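Notes follow once the structure below has been shown.
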Amino acid sequence: MSELWQSVTDWLGQQENLLLWGSLFSVVMFFGSLAVIPWLVSRIPDDYFLHEKQPPSKTFSSHPAILLVVQLVRTAFGLLFLTLGFAMLFLPGQGLLTMLIGLMLIWFPGKYRLEKRIIRRPGVLKGINWLREKRGNLPLRISDE
Numbered sequence: 009m010s011e012l013w014q015s016v017t018d019w020l021g022q023q024e025n026l027l028l029w030g031s032l033f034s035v036v037m038f039f040g041s042l043a044v045i046p047w048l049v050s051r052i053p054d055d056y057f058l059h060e061k062q063p064p065s066k067t068f069s070s071h072p073a074i075l076l077v078v079q080l081v082r083t084a085f086g087l088l089f090l091t092l093g094f095a096m097l098f099l100p101g102q103g104l105l106t107m108l109i110g111l112m113l114i115w116f117p118g119k120y121r122l123e124k125r126i127i128r129r130p131g132v133l134k135g136i137n138w139l140r141e142k143r144g145n146l147p148l149r150i151s152d153e
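Heads up: the sequence shown is residues 9 to 153, going by our numbering.
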């Protein structure tokens, strides 16, 4: 067992740059999520989760090429937030809230049902409504389904 421990400590000693960048990335993610997540959560309409089907988006109603670019950018950011949210489940940060924001940015079949399922978790709804209250927004209302 001591031989295994020695090889692990030797390997970690050789990975100083990786550990430094990983630590820096973790700190940036933590403070970045503290700044961005409340702003994004405050932009969700308070009645968003009351509908049976997902309410229509208030995106640009212009040229299809612009809509495609907007959708691609939203999907890229959504995937980024999903990935970062998953990482924050193990690192410092607001993992579930970040993942919920990521889900809200991308589109896939059944997305709205999944969002409603996540928001019904008492800790998630309580955390989101606390953030919304701090920014002067009404709390999110959810249906009783």
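Every residue, glycine too, gets a C-beta built ideally from N, C-alpha and C.
All values derive from a computational prediction rather than experimental measurement.
Under three-state DSSP, which class holds phenylalanine 89? DSSP places phenylalanine 89 in helix when its eight states are reduced to three.
Taking the alpha helix (DSSP H) that glutamate 11 falls in, what are its first and last residues? First-last of the alpha helix (DSSP H) with glutamate 11: 10-22.
Could you give the distance in angstroms between the alpha-carbon of isoleucine 126 and the alpha-carbon of glutamate 24? Looking at the two C-alpha atoms, the distance is approximately 38 Å.
Judging by CA-CA distance, which residue of Leu99, Leu92, Phe98, Gly118 is the nearest neighbour of isoleucine 109? Comparing Cα-Cα distances from isoleucine 109 to each of Leu99, Leu92, Phe98, Gly118, the minimum goes to Leu92.
Using only the heavy atoms of the ligand ZN, determine whether one of them is closer than 7 Å to the beta carbon of leucine 20. Looking at this structure, you won't find the ligand ZN or any other ligand, since it has none at all.
Do you know offhand how far arginine 149's Cα is from valine 77's? Note on geometry: alpha-carbon atoms of arginine 149 and valine 77 lie some 31 Å from one another.
For leucine 48, count the other beta carbons within 10 Å of its own beta carbon; 16 or more makes it buried, fewer makes it exposed. Which is it? Label assigned to leucine 48: buried.
In DSSP terms, what glutamate 57 is bridged to: A small correction: the amino acid at residue 57 is phenylalanine; glutamate does not occupy that position in the sequence shown. Note: phenylalanine 57 sits in a beta bridge opposite Ile150.
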